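Under our numbering, the residues of the sequence shown are numbered 5 to 128, in order.
For glycine and all other residues, C-beta sits at the position ideal for the given N, C-alpha and C.
Bear in mind the structure is a predicted one, so any value in this text is a computation, not a measurement.
Here's the structure, in C-alpha cells; my notes come after.
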Amino acid sequence: AFITGDNDEGLFIINGRLNDDYSFEKAEAAIEQELEIIKTNSITEYELEKVKNKFESSFTFGLTSANEIALNLCQYELLGDAHMLNSVVNTYRQVAIADIEKVANAIFTRNNCSTLYYKSEKIK
Numbered sequence: 005a006f007i008t009g010d011n012d013e014g015l016f017i018i019n020g021r022l023n024d025d026y027s028f029e030k031a032e033a034a035i036e037q038e039l040e041i042i043k044t045n046s047i048t049e050y051e052l053e054k055v056k057n058k059f060e061s062s063f064t065f066g067l068t069s070a071n072e073i074a075l076n077l078c079q080y081e082l083l084g085d086a087h088m089l090n091s092v093v094n095t096y097r098q099v100a101i102a103d104i105e106k107v108a109n110a111i112f113t114r115n116n117c118s119t120l121y122y123k124s125e126k127i128k
C-alpha cells in the first residue's frame, strides 16, 4: 500500500498480484477485512513506535547531502514554511493511535473505494 500526492491529499492505494487459484472477490474481501481491523482494533503502541522510528531514521539519513536538504527545503517552502523541515519529525512523533483510528474510520469507507480488476489473458 502507498499514498500518492505531494501537496494535496492523495490516494491510499492497495495493490497486489493474485495466485491463479485466488479470486478477485476473495482478495477484495481479505483487504476489506484488514481495513476493518485497522478501523476497530487499530495498531499497538509497539507497532506505532516502530513506524515512527523508521520514519525518523529514513528522514534523518535522507538529509545527508546538500541536494537532499535543498529539495526538502523547497518542498516545505512550497507547503508554506521551509522551517517545517526542522519540526517534521516531532510532528510525526506526536501522532497517536486515536489519530490513526479517526482517519481510518473517515477514509476507509465503501463510498471512498474504487476497485480495478486487471486480469491478463492466458498465453497459450
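Contacting residues, own chain, Cβ-Cβ under 6 Å from residue i (five flanking each side not counted)
i, result
"E105", "S46"
"I42", "A108"
Anticipated Cβ contact below 8 Å, residue i with residue j, distance rounded
i, j, result
"V93", "E60", "5 Å"
"Y80", "L89", "5 Å"
Span separating the alpha-carbon of residue i from that of residue j
i, j, result
"E125", "A102", "44 Å"
"E32", "F16", "15 Å"
"N109", "L120", "22 Å"
"S118", "L83", "28 Å"
"K54", "T95", "16 Å"
"E36", "T48", "20 Å"
"A70", "S62", "16 Å"
"T113", "A86", "34 Å"
"N76", "N19", "28 Å"
"L52", "T44", "15 Å"
"G14", "D24", "31 Å"
"S91", "A34", "37 Å"
Status (buried if at least 16 other CB within 10 Å, exposed otherwise) for residue i
i, result
"A74", "exposed"
Residues near residue i in its chain [Cβ-Cβ closer than 8 Å; skip 5 each side]
i, result
"T64", "V93"
"K56", "Y96, R97, V99"
"L22", "F28, A31"
Residues of its chain near residue i, where Cβ-Cβ distance is below 7 Å and the 5 sequence neighbours each way are ignored
i, result
"L39", "F112"
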